[in-house]
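S.K.: Going by this note's numbering, 115 is the number at position 115 of the sequence shown; the sequence numbering is gapless.
We treat Cβ as the ideally placed atom computed from N, Cα and C, and that holds for glycine.
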Amino acid sequence: MAQGVALSVFSSVLFALLYYYASLMTPLSGEVVFGWRMLLTMPCVGLFLLYSGYWRLVITLFAQLKSRPVLWIGLPLSSALVGVQLWIFMWAPINGRGLPVSLGYFMMPLVLVLIGRFLYQERPTRLQWMAVVCAAIGVANELWQAGGISWETLVVAIGYPLYFVWRRWLGTDNLGGLWCDMLLMIPVAAWFVFSVDAPFAAFGQRPLLSLLVLGLGMISALALVSYILASRRLPFSLFGLLGYVEPILLVVVSLVLGESISAEEWPTYIAIWIAVGLLVLEGFRKLLAFRRYPFD
1 MAQGVALSVF
11 SSVLFALLYY
21 YASLMTPLSG
31 EVVFGWRMLL
41 TMPCVGLFLL
51 YSGYWRLVIT
61 LFAQLKSRPV
71 LWIGLPLSSA
81 LVGVQLWIFM
91 WAPINGRGLP
101 VSLGYFMMPL
111 VLVLIGRFLY
121 QERPTRLQWM
131 AVVCAAIGVA
141 NELWQAGGIS
151 WETLVVAIGY
161 PLYFVWRRWL
171 GTDNLGGLWC
181 DMLLMIPVAA
191 WFVFSVDAPF
201 AAFGQRPLLS
211 LLVLGLGMIS
221 ALALVSYILA
231 SRRLPFSLFG
241 LLGYVEPILL
251 VVVSLVLGES
261 ISAEEWPTYI
271 AIWIAVGLLV
281 LEGFRKLLAF
291 RRYPFD
């Protein structure tokens, strides 16, 4: 468990580093940075699957293409859903929109609670409902003060849950499905990189950029592999709780990059953070109950 906790925190730190890292890659745009990230990360993750024995999941998925024609449409849609998330993660800090995206990551677990209740007929606990109410207060403040929730926040808060639901329905919610999603992104990633005028001109103007691009792929792959390894070593409840470390670090990175939370926005953030705190408390309760009665 100690290794799992260390790996989970390490992956969160690496993802936060990626958030900041994108700002170092001027003059490349967010789309080009995303493209290079995918071109370099996908092969690294493929090597990990081969080394760890998970490549069988990819083989099984490819074998199902004959018997399940729905995959020919389902897999591209799955890739598109997660591709938007990976793109906005690179685009936001470069364009001064890191805080709205980090708010989306905070809201995402609350959206998952509602999806569990109304789509899968799960029964949220009292603390989970209290968290949803707090989040609703935060959203109401944002609607009142700003006239609406930013599109970046909505893309993350709603887009990721849709991706999770779609993968579960499709039966590709495993590492093989994730790698296939990344594989299908390669043409778009390559288009982002090579469709710009003189795609390698920036490397000549700034030689350090070549090393930064290589580092981007290595950090991205290492963060994803660490995340995967942590999920295999930790109880689900504890793994979920540690997932809140990343959006906290994303807020810190956004503030370091010069963004700020206005006075009107503080009630929204405070309400969302209280909601997340309630979910963390609920997670600790479940974890303690599991440790006391692991076979109930």
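Short of 8 angstroms in beta carbon distance, which residues of its chain neighbour Phe295, apart from the five on each side in sequence? Order them along the chain.
M.R.: Here the model assigns Phe295 a pLDDT of 44, short of 50, so the residue's position is not dependable, and the following value carries that caveat. Closer than 8 angstroms at Cβ, skipping near neighbours: no residue.
S.K.: Going along the chain, which residues of its own chain have a beta-carbon closer than 7 angstroms to the beta-carbon of Ile115, five neighbours each way excluded?
M.R.: Pro161, Val165
S.K.: Mind checking Leu278: buried by the 16 CB within 10 Å criterion, or exposed?
M.R.: Flag for Leu278 reads buried.
S.K.: Measuring CB to CB, does Ala157 end up less than 7 angstroms from Met90?
M.R.: no
S.K.: Can we say the segment 129-148 touches the segment 180-199, given the rule of at least three CB pairs closer than 8 angstroms?
M.R.: These segments do not touch.
S.K.: How far does the alpha helix (DSSP H) with Phe203 in it extend, from its first residue to its last?
M.R.: Its alpha helix (DSSP H) spans residues 201-205.
S.K.: Label Val276 either buried or exposed according to how many other C-beta atoms from any shown protein chain fall within 10 Å of its C-beta, with 16 as the threshold for buried.
M.R.: buried
S.K.: Between Ile272 and Met38, which are expected to be in contact by the criterion C-beta below 8 angstroms, what is the C-beta distance as a whole number of angstroms?
M.R.: Their Cβ separation, rounded to whole angstroms, is 30 angstroms, which puts Ile272 and Met38 out of contact at 8 angstroms.
S.K.: Please say whether Gly83 and Met185 have beta carbons closer to each other than 7 angstroms?
M.R.: yes
S.K.: What did DSSP end up calling Pro124 once you bin it into helix, strand or coil?
M.R.: Here DSSP, grouped into helix, strand and coil, assigns Pro124 to coil.
S.K.: Apply the 10 Å Cβ neighbour rule to Phe15 and answer buried if 16 or more other Cβ atoms are within range, or exposed otherwise.
M.R.: buried
S.K.: Would you mind working out which of Ile88, Glu152, Val155 sits nearest Gly35, comparing C-alpha positions?
M.R.: Ile88
S.K.: Identify which residue in Val251, Val225, Arg117 has its Cα closest to the Cα of Tyr105.
M.R.: Val251
S.K.: With three or more C-beta pairs closer than 8 angstroms as the rule, is the segment 171-181 touching the segment 66-84?
M.R.: yes
S.K.: Please give the ranges of any alpha helix (DSSP H) in the segment 42-102, keeping only runs that are unbroken, at least 4 residues long and fully inside the region.
M.R.: 55-67, 71-94
S.K.: Where does Thr153 sit, in a helix, a strand or coil, going by DSSP?
M.R.: helix
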